[in-house]
Amino acid sequence: MKRFEELIAPHLDAAYNLARWLTGNDSAARDVVQESALRAFRFLQRFADGNAKAWFLTIVRNESYTWLKASAGRHWVAIDDDMVTDDGPLSHSQTPELLAIHTENAALLQQALCALPPAFREVIVLKELEDLPYKDIALVVDIPIGTVMSRLARARALLKLELLKLHDHE
Numbered sequence: 001m002k003r004f005e006e007l008i009a010p011h012l013d014a015a016y017n018l019a020r021w022l023t024g025n026d027s028a029a030r031d032v033v034q035e036s037a038l039r040a041f042r043f044l045q046r047f048a049d050g051n052a053k054a055w056f057l058t059i060v061r062n063e064s065y066t067w068l069k070a071s072a073g074r075h076w077v078a079i080d081d082d083m084v085t086d087d088g089p090l091s092h093s094q095t096p097e098l099l100a101i102h103t104e105n106a107a108l109l110q111q112a113l114c115a116l117p118p119a120f121r122e123v124i125v126l127k128e129l130e131d132l133p134y135k136d137i138a139l140v141v142d143i144p145i146g147t148v149m150s151r152l153a154r155a156r157a158l159l160k161l162e163l164l165k166l167h168d169h170e
């Protein structure tokens, strides 16, 4: 129990944050975190030394996707890393962060982020909201670090487009 409290408990907020953004549902996020914590507790003896946060967030991510697959009325979109063309780097005046500040409405940012496919949403949440390093995101999402960087660039570009669409509809 003490090991669980030391290794997993400090990351419960990050776990909820990830689950909330992936499921889009507060109640589901709480359930996912509870189930993930139970799994982490049950399999803690298998966790050697390493990055406990990345290990736990991997469990949360998997549980979130299990919930999404099981939930009725959800439409899954296959994510192909080549499906979005990269138009080059964003200028400093066009970053998603600055666009969100200019709209002065966090609800628009939340709406735009929710419009992203889950594979893009999760890398944005893990990098921008949880401030995980690329190597930890690669562990959580189980993709190469280069794919993390390209997916994050594409996610930011998609987020920018969503924010522009929402901003134009105001």
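Numbering (the UniProt record's numbering), first residue to last: 1 to 170.
Beta carbons: idealized from backbone N, C-alpha and C, even for Gly.
It should be emphasised that the depicted structure is a prediction, and the values quoted were computed from it without experimental measurement.
{"query": "Closest Cα partner of Ala15 within the set Lys2, Arg3, Met1 and Gln34", "result": "Gln34"}
{"query": "Span of the alpha helix (DSSP H), counted from its first residue to its last, around Glu122", "result": "Pro118 to Ile124"}
{"query": "For Thr103, the three-state DSSP class (helix, strand or coil)", "result": "Only weak support is given to the placement of Thr103: the predicted model assigns it a pLDDT of 40, under 50, and the value that follows is read from those uncertain coordinates. Correct three-state label for Thr103: helix."}
{"query": "C-beta atoms of Leu116 and Ile124 nearer than 8 Å", "result": "yes"}
{"query": "Contact under 8 Å by Cβ, Leu7 with Arg61", "result": "no"}
{"query": "N- and C-terminal bounds of the alpha helix (DSSP H) containing Ile145", "result": "Ile145 to Asp168"}
{"query": "Buried versus exposed call for Asp13 [16 or more other C-beta atoms within 10 Å across all chains shown]", "result": "exposed"}
{"query": "Between the CA atoms of Val141 and Arg3 - distance to the nearest angstrom", "result": "24 Å"}
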